[in-house]
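First the structure, in the form of structure tokens, and then the observations on it.
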Amino acid sequence: MNAPLYNTDILRLAATIPYQDRLTDPMGSSEKRSPVCGSRVTVDINLDADGRVGEVGMLVRACALGQASSSLLAADVIGKTPQQLAEARDALTAWLAGEGPLPGWTGFDLFVPALPHSARHASIRLAFEAAADAAAQAATANPAH
-19 MNAPLYNTDI
-9 LRLAATIPYQ
1 DRLTDPMGSS
11 EKRSPVCGSR
21 VTVDINLDAD
31 GRVGEVGMLV
41 RACALGQASS
51 SLLAADVIGK
61 TPQQLAEARD
71 ALTAWLAGEG
81 PLPGWTGFDL
91 FVPALPHSAR
101 HASIRLAFEA
111 AADAAAQAAT
121 ANPAH
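Now the structure itself:
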């Protein structure tokens, strides 16, 4: 737990967020905001014919931790189901609260230094909360998926 909160890996991820263009006509869209720091993340999602994320667009106006989390989401979101995104959101929330193991999503271990900083947890969760909500909207709007 000696690693600095804003370490090189976090800053690198924050500077390299994929999918930073919003989708024109998304099946689902959600914006989440942290009341603590004002960080804001919007995620747009289109599902493919199999009901998995086929396209994603994001608008990220967040602190370095929120940006890094958005980058981790974007790196592995394509091909995920709405259920998998909800499970990732729930696992991240539980882990940050000290109520579950480290989630299986690639890269979450970079947030270990943030565990004792509960005021930072909301910004880490933003992208995953928005993605889970957007995917659920997309699935509800397109029940054939």
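So the sequence shown is residues -19 to 125, counted in the working numbering. Glycine included, every Cβ here is placed at the ideal spot set by N, Cα and C.
Counting only residues of its own chain and dropping the five nearest sequence neighbours on each side, L3 has a CB closer than 7 Å to the CB of D24, N26, E35, G37. By the criterion of a C-beta distance shorter than 8 Å, A44 is surrounded in its chain by Y(-14), I(-10), L(-9), A(-6), once the five residues flanking it on both sides are discounted. Judged by beta-carbon spacing, K12 lies beyond the 9 Å limit of R100, meaning their Cβ atoms are not closer than that value. Under the DSSP definition of a beta bridge, D24 partners with S9, G37. Around the beta-carbon of G18, fewer than 16 other beta-carbon atoms lie within 10 Å, marking it exposed.
In chain order, V36, G37, M38, A54 place their CB closer than 7 Å to the CB of Y(-1), counting only its own chain and leaving out the 5 sequence neighbours on each side. Cβ neighbours of S103 within its own chain (closer than 8 Å, five residues either side excluded): S14, V16, C17, S19, A42, C43, L45, G46, S49. Per DSSP, S103 is one residue of the alpha helix (DSSP H) stretching across 101 to 121.
By the Cβ-count criterion, P6 is buried, with 16 or more other Cβ atoms from all chains shown falling within 10 Å of its own Cβ. Taking G87 as the centre and dropping the five residues before and after it, the same chain places the C-beta of L52 closer than 7 Å to its C-beta, in chain order. Within its own chain, the residues whose Cβ lies closer than 7 Å to the Cβ of D28, once the five positions on either side in sequence are excluded, are G34, listed in chain order. Here P81 is exposed, its C-beta having fewer than 16 other C-beta atoms within 10 Å. With a minimum length of 4 residues, the unbroken runs of alpha helix (DSSP H) contained wholly in the segment 49 to 83 fall at 62 to 76. For T4, the three-state secondary structure derived from DSSP is coil. The beta carbons of G8 and Q117 sit closer together than 9 Å.
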